[in-house]
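I have placed the structure first, in the form of structure tokens, so that the comments after it can refer back to it.
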Amino acid sequence: MFDELPDSASVADLDDCALVAAIEDWTRATATVAAHRFAFIAELFGRRYDSEWETDKDASDAWTSVVAEISCASGISHFRAESDMVCGADLSSRLPRVAALLRAGRISEYCARAIVARTELVADRDLLAHIDGDLCEKATAWGALSKKKLDAVIDQIVDEHDPGALKQTRKRSRDRTIWFGASEDGLTEFAGWMDSVDAALVKQRATRMAKGVCADDPRTLQQRRVDALGALGAGSWHLQCRCGNPTCPATVDDGRASNVVVHIHADNAALAAQPDPYTDGDGPLPDDEQETVVAEQDSVADDQNSVGADEPAVGASD
Numbered sequence: 280m281f282d283e284l285p286d287s288a289s290v291a292d293l294d295d296c297a298l299v300a301a302i303e304d305w306t307r308a309t310a311t312v313a314a315h316r317f318a319f320i321a322e323l324f325g326r327r328y329d330s331e332w333e334t335d336k337d338a339s340d341a342w343t344s345v346v347a348e349i350s351c352a353s354g355i356s357h358f359r360a361e362s363d364m365v366c367g368a369d370l371s372s373r374l375p376r377v378a379a380l381l382r383a384g385r386i387s388e389y390c391a392r393a394i395v396a397r398t399e400l401v402a403d404r405d406l407l408a409h410i411d412g413d414l415c416e417k418a419t420a421w422g423a424l425s426k427k428k429l430d431a432v433i434d435q436i437v438d439e440h441d442p443g444a445l446k447q448t449r450k451r452s453r454d455r456t457i458w459f460g461a462s463e464d465g466l467t468e469f470a471g472w473m474d475s476v477d478a479a480l481v482k483q484r485a486t487r488m489a490k491g492v493c494a495d496d497p498r499t500l501q502q503r504r505v506d507a508l509g510a511l512g513a514g515s516w517h518l519q520c521r522c523g524n525p526t527c528p529a530t531v532d533d534g535r536a537s538n539v540v541v542h543i544h545a546d547n548a549a550l551a552a553q554p555d556p557y558t559d560g561d562g563p564l565p566d567d568e569q570e571t572v573v574a575e576q577d578s579v580a581d582d583q584n585s586v587g588a589d590e591p592a593v594g595a596s597d
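Printed below as a string of structure tokens:
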């Protein structure tokens, strides 16, 4: 395949017409490569994952396992690997004609991904087959469209065959929201729905900030990502490292502490204290705390007379 394409090593020898032709050829080849990769991903997914697993945990474990394999094989993040897996599986099982266009290099990977995303709520297989056919006839002319216009033309075709799916997509977009629960023990639960592109940007930024600290930071990646959101809220683009090393370049204030004034009284030993195992990291809690928790559980069980002589106490170790 690649042997028939112009070699970039001789790019300086090409005239303008040949140069433009080479760009066109390699653009089609890029789409073809993406299609083949999606096909291999779909095959792996089909071999590993079965939606009819006996338990949800089995299905979830299989899903996660496939994502991990794709991530490792491609050298990409778990998030991107999962996105590629969904796209590959949908092209193979739901949109075979669109997949054929991509394999022929007649549409771009970007266009194929947009089609997959805008048709994901079409559940009726017969309607989906008609939509796939219409998309195949028209998608080759959409290469120069902006994202907004591309989404609009895809939605128009979906609406012609399955108006309910399009309305559901639009309604879900209108339902985007975020809420914050009551604060408990210094922590606040928050959740919500947002545009997928915006969510990817927030996740990417938080992850990048979380990985900007040194290796001696005691927090896990997930803890650092949450803290990164707080830093963003304080107007900072970096996360302050908690390694405690005065020479670490990542210990610059991230704005979270400097936006809050708290008056405390502490002895000098507190300044040299080790990271708190209860708040940072994922290591085991101190033995005395674990024993206290078990003792409290045993005490409650005894007081309530809910455990017989031959029954283990709730919370006791096996």
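Numbering (this note's numbering), first residue to last: 280 to 597.
A virtual CB, placed ideally from N, CA and C, is assigned to each residue, including glycine.
Between which two residues does the alpha helix (DSSP H) harbouring residue i extend?
i	result
L323	295 to 327
L370	357 to 372
G354	Segment: none, G354 is in no alpha helix (DSSP H) and carries neither H nor E.
E388	388 to 397
A379	375 to 382
R404	404 to 417
D243	Lying before the first or after the last residue shown, residue 243 is absent from the chain, which here runs from 280 to 597.
E439	426 to 440
For residue i, list the residues DSSP reports as bridge partners.
i	result
E463	L466
D456	The displayed chain sequence assigns Thr, not Asp, to residue 456. Answer is W472.
Would the beta-carbon of residue i fall within 7 Å of that of residue j?
i	j	result
L284	A308	yes
V492	A529	yes
L381	A310	yes
D441	L406	yes
A494	A507	no
I386	A418	yes
G471	T456	yes
S372	A360	no
W376	D403	As written in the sequence, residue 376 is Arg, which differs from the Trp given in the question. It is not a contact, given that the beta carbons lie outside the stated cut-off.
L500	A510	no
E388	A313	yes
L424	A393	no
Looking at the C-beta of residue i, does it have a partner C-beta in chain D at a distance below 7 Å?
i	result
C351	Annotation note: the requested chain D is absent from the structure, which comprises a single protein chain.
Regarding residue i and the ligand MN, is the C-beta to nearest heavy atom distance less than 6 Å?
i	result
A368	The model on display carries no ligand, and the ligand MN is accordingly not part of it.
Runs of alpha helix (DSSP H) wholly within the segment 498 to 537 (minimum 4 residues, chain order): 500 to 512
Touch test, the segment 389 to 408 against the segment 424 to 442, Cβ-Cβ under 8 Å, three pairs minimum: Counting Cβ pairs under 8 Å, three or more are found: they touch.
Contact the segment 315 to 324 vs the segment 364 to 382: 3+ CB pairs below 8 Å: yes
Segment contact, 8 Å Cβ cut-off, at least three pairs: the segment 338 to 351 with the segment 287 to 297: no
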